[in-house]
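Undergrad:
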Amino acid sequence: MVFLAATKSCLRLLSRVLMCAIRKRRVEAVSHNDSSNLLAAIGGVGRYSAADVATIASVDPLLRNCLLVVLFILLGACFSAAEMALVSLRPTQIEELAGRGGAGRTVKRLTADSNQFLSAVQVGVTIAGFFSASFGAAQIAPALAPALSALGVGRAAAASIAFVVVTLLIAYLSVVVGELVPKRIAMQSAQTVALLVARPLAAITTALRPVIWLLGVSTNALLRGLGCNPAAREESVGLGELRALVQAQESLGAEERRMVLDLLEVGERTVAEAMTPRTEVEFVGANLSVAQARASLAGLEHSRYPVRRGRDDDDVVGYVHLRDLIAPADDSLTVGALARELLLLPASVPMVSALSQMRAARAHIALVVDEYGGTDGIVTLEDLVEEFAGQIADEYDREEPAVVRRGDAVVIGGLATRAEVARALGRELPAGPFDTLGGFMMLELGRMPRADDVVAWDGLRLRVVAMDGRRVDRVEVVSARKRRDT
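Below is the structure:
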């Protein structure tokens, strides 16, 4: 507020002094030429046409210098707008402009080597700022000093005040008119401004090529002296930055934002986080007859089942579809004879790659194997799609939801993956040799968990609610602070 008030006062004072100086010079000019125009000169500055301004500028050095200062500030504004417009363009926008031809291709050529046009812009801004400041300090300030003296200010003080006032005014105009306003306009209309400035800036860049080369060599030498690599480039946008951009995008709804964030996270996750572990898989014996298999699978809810030899889950020979068991050519056939080839996927393969492989193989189910060739579990096309689009429930799903909220507590399934735990609790499990919440509980306890075992972690209290054999089935999570309060 103080700066604005002082600026307004300076502007009013400078305007008053300018009017006095111009009026004085007009009176002197008229007195030397034609006394009949004296009354018109004393009548005030008034409004001038473009021709009048040009005439006054040709005979009045003060006004001419003021116009030159404004011209250099506007020239600097053009360079500032050009810089902001070109650096604000996204790669997709640059390609779109290039497709239009003409100035669009020039935009692409300029942005292909940003060091070139940025150097040209910096030279232009520096020259414009130098000349605006030079004319202000060397030409306008001395011309204002006599006018200040006429207002009763001492000669020495008048020179100092004139210098300070002119410097502040030029600095203010340079910041507002030469920087902030053009850059704001360029940010709001980057493509339009880029097309307008592309060809002039390309010509200036070509004309200043020797200067730009000298600046580049000097800059690289200084960077090497500081231990930096002049050829180093900034890393591409990281996953964290993309998440922040999506979260800040107000045009997306809450559900759309959640789906996009889930898609970003999927790229970092592996099949092991989406698979059904071998302990939860229903296998069918290869030696069973079709009739026996139909009877054993009648109460189950899936359409495809892996087929194993004997009782060895690591010896899987393929999978069988229920349709193969409903109307076989011969009921005496064994399941092994009907088994189809099963796609094998390493547990460490990324989900995106797994989805591509399953689509290419037209496979709806795949066997997930560990580094030793043993069975880790199975993954279906639906499992992978759910990682992208969220839970897809059908009329046969009987599983309890992985996360259930009960007041201040959250009950999470022991097989919940790291990603599911992060979504439910808003924090990620620490790094360790486990993939599920149950594995984390087992690691923290250092033994096989039992019902009502408690683990304290990151301000939370995790309690084993139920076990399913040797596996953690459900875990209750509450805030440790709230637990103490109760």
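The sequence shown finishes on residue 726 if you use the numbering used here, and the numbering steps up by one all the way, no holes.
Glycine residues also receive a C-beta, built at the ideal position from the N, C-alpha and C atoms.
What you are looking at is a predicted structure, and each value in this text was computed from that prediction instead of being measured.
1. Between Val695 and the rest of its own chain, which residues show a CB-CB distance below 7 Å, the 5 nearest in sequence each way excluded?
2. Thinking C-alpha only, which one of Ala533, Phe628, Gly539 and Leu329 is nearest Met427?
3. Could you check if Asp274 is buried or exposed, using at least 16 other CB atoms within 10 Å of its CB as the buried criterion?
4. Touch check for the region 589–599 and the region 564–581: three-plus C-beta pairs under 8 Å?
5. Does DSSP put Phe442 in a helix, a strand or coil?
6. What are the start and end residues of the beta strand (DSSP E) that includes Tyr196?
7. Among Gly672, Arg518, Gly344 and Ser491, which one has its Cα closest to the Cα of Arg551?
8. Just how far apart, CA to CA, sit Glu626 and Gln333?
9. Tell me the rounded alpha-carbon separation between His542 and Ile618.
10. For Ala484 and Val717, I'd like the C-alpha separation in whole angstroms.
11. Can you give the beta carbon distance from Leu350 to Leu441, rounded, assuming they're within the 8 Å contact cut?
12. So does the region 390–405 actually touch the region 301–309, counting three or more Cβ pairs closer than 8 Å?
13. Can you give me the Cβ contacts of Ile444 inside the same chain, cut-off strictly under 6 Å, excluding the 5 residues immediately before and after it?
14. With a 10 Å radius around its C-beta and 16 neighbouring C-beta atoms as the bar for buried, classify Val560 as buried or exposed.
15. Output needed for Val524: all residues of its chain with C-beta closer than 8 Å, excluding positions within five of it in sequence on either side, in chain order.
16. On the DSSP bridge assignment, give the partners of Thr620 in chain order.
17. Rounding to the nearest angstrom, what Cα-Cα distance links Asp623 and Ala338 in this structure?
18. How would you call Val299, buried or exposed, if buried means at least 16 neighbouring beta carbons within 10 angstroms?
19. Check whether the Cβ atoms of Ala434 and Leu504 lie closer than 8 Å to each other.
20. What's the call for Val318, buried or exposed, on a 16-neighbour Cβ count within 10 Å?
21. Could you please give the first and the last residue of the uninterrupted beta strand (DSSP E) stretch that includes Met707?
22. By a C-beta neighbour count over all protein chains shown, 10 Å radius and 16 as the cutoff for buried, is Ala396 buried or exposed?
23. Have a look at the DSSP bridge pairing and note the partners of Tyr412.
24. Quick check on Val556 - is its C-beta less than 8 Å from some C-beta in chain C?
25. In this structure, what does DSSP give as the bridge partners for Pro590?
26. I'd like the list of long-range same chain contacts for Val486, defined as Cβ closer than 8 Å, with 5 residues on each side in sequence excluded.
27. Go through its chain and collect everything with a Cβ distance to Phe375's Cβ below 8 Å, but skip five positions before and after it.
28. What's the call for Thr676, buried or exposed, on a 16-neighbour Cβ count within 10 Å?
29. Nearest to Gly553 by alpha carbon, out of Glu520, Leu573, Arg602 and Val712?
TA: According to the structure data:
1. Met681, Glu684, Leu685 and Leu702
2. Leu329
3. With a pLDDT of only 41 at Asp274, under 50, the local geometry of the prediction cannot be trusted, and the value read off the model is given with reservation. Under this definition Asp274 is an exposed residue.
4. no
5. Residue identity differs from the one stated: residue 442 is Ala in this sequence, not Phe. Three-state DSSP puts Ala442 in a helix.
6. The question about residue 196 has no answer, for the chain in this structure spans 241 to 726.
7. Put simply, of Gly672, Arg518, Gly344 and Ser491 the residue whose alpha carbon is nearest the alpha carbon of Arg551 is Arg518.
8. 33 Å
9. 13 Å
10. 28 Å
11. 6 Å
12. no
13. Ala360
14. buried
15. Taking C-beta separations shorter than 8 Å and ignoring five residues to either side along the sequence, the partners of Val524 in its chain run Ala533, Ser536, Leu537, Tyr545, Pro546, Val547, Arg548, Val560 and Val575, following chain order.
16. Ile605
17. 42 Å
18. Below a pLDDT of 50, predicted positions are generally treated as unreliable, and Val299, at 44, falls in that range; no measurement from the model is reported.
19. no
20. Here residue 318 is Cys; the residue named in the question, Val, does not match the sequence. Per the 10 Å Cβ criterion, buried.
21. Here the beta strand (DSSP E) through Met707 covers Leu700 to Asp708.
22. exposed
23. Answer by DSSP bridge pairing: none, since Tyr412 is not bridged.
24. Absent from the structure: chain C. Only one protein chain is present.
25. Thr510
26. Leu492, Arg497, Val500, Leu501 and Leu504
27. Asn305, Leu308, Val309 and Phe312
28. With at least 16 other beta carbons inside 10 angstroms of its own, Thr676 counts as buried.
29. In the sequence on display, residue 553 carries Asp and not Gly. Nearest of Glu520, Leu573, Arg602 and Val712 to Asp553, Cα basis: Glu520.
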